[in-house]
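J.:
Numbering (this note's numbering), first residue to last: 50 to 379.
Listed below in structure tokens is the structure:
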């Protein structure tokens, strides 16, 4: 039996998602919702969905929908996810998972109390190369990790009218791109003990943010640091480096969807580790949802809810440090 999907919102990220659904082993698009029925019908016609709705409530009431992908702007994630969980349907919610940690905590509690599957769509963590990188670090292949650096920055087309500049939609570089950086650092090193940040804020959103993290040494781990930078006014290298005491791993641009990485040891030629992904990469997270739902799991071991909450808490901490808040938060 295939996993039958409903999709919330009809933007570019939802288009990519449904294109990837066709490549997944056991998924099918059934329905789509939008605030505009006309847009929903157009999207359904272009992508082969059988039904179109103008509300999330109608979508989640569809008996043929087993799982819902939430691809709406950040500020609408929490409401769409809550409605879906209350309807007993599995949810894959785009990043950032919510606007803040409080919303995330409420949704996670609801998922666990209802026993309904919930996962943040941090597709990077499901990619073969990233999984292999984590395995090498955990195996001690580069020695204890001492530093991690990563950047993600680009200048979006139509920047000044782009949704990323709208504080009402949770715009800014941090939530849209910086979430990848913090999630990657947390994947490799866990929750940091120290967090510092600086930013350039204009029009109620951050144009660029730099974050410094530190992990205190203990009997269980070595002390380490991280430097992260995100920008929507400058093209950055968009790579990542994980530095261990014995070697380092370099993930070239774009680090969030790598097909491989280099292990660099002193005095030796770099060793390239090949680990390609299928399609545009989203197919791996889709198949992870398929696998988890088929197994009766309520969360993914590749993207556990505790990590999602920890990253949302980090985002809140960074926002506090740079003085960034959104009108919709009251």
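Backbone N, C-alpha and C define an ideal beta-carbon position, used for all residues, glycine too. For clarity, every value in this text was computed on a predicted model and none was experimentally measured.
Given this structure, state the Cα-to-Cα distance separating residue 122 from residue 88, to the nearest angstrom.
T.: 16 Å
J.: Identify whether residue 233 lies in helix, strand or coil by the three-state DSSP scheme.
T.: helix
J.: Measure the beta-carbon distance from residue 279 to residue 201 and round it to whole angstroms, keeping in mind my assumption that it falls under 8 Å.
T.: 5 Å
J.: Residue 218 by DSSP, collapsed to three states: which one?
T.: helix
J.: For residue 243, which beta-bridge partners are listed by DSSP?
T.: 263
J.: Identify whether residue 334 lies in helix, strand or coil by the three-state DSSP scheme.
T.: It is helical.
J.: What's the call for residue 350, buried or exposed, on a 16-neighbour Cβ count within 10 Å?
T.: exposed
J.: Are the CB atoms of residue 232 and residue 246 nearer to each other than 8 Å?
T.: no
J.: Can you list, in chain order, the residues of its chain whose CB lies under 7 Å from that of residue 193, leaving out five sequence neighbours each side?
T.: Answer for residue 193: 271, 293 and 294, listed in chain order.
J.: Taking only three categories from DSSP, how would you classify residue 227?
T.: helix
J.: Which value, in whole angstroms, describes the spacing of the CA atoms of residue 82 and residue 236?
T.: 33 Å
J.: May I ask you to list the residues that DSSP assigns as paired with residue 323?
T.: 309
J.: Per DSSP, what are the beta-bridge partners of residue 82 in this structure?
T.: DSSP output for residue 82 lists 57 and 102 as bridge partner(s).
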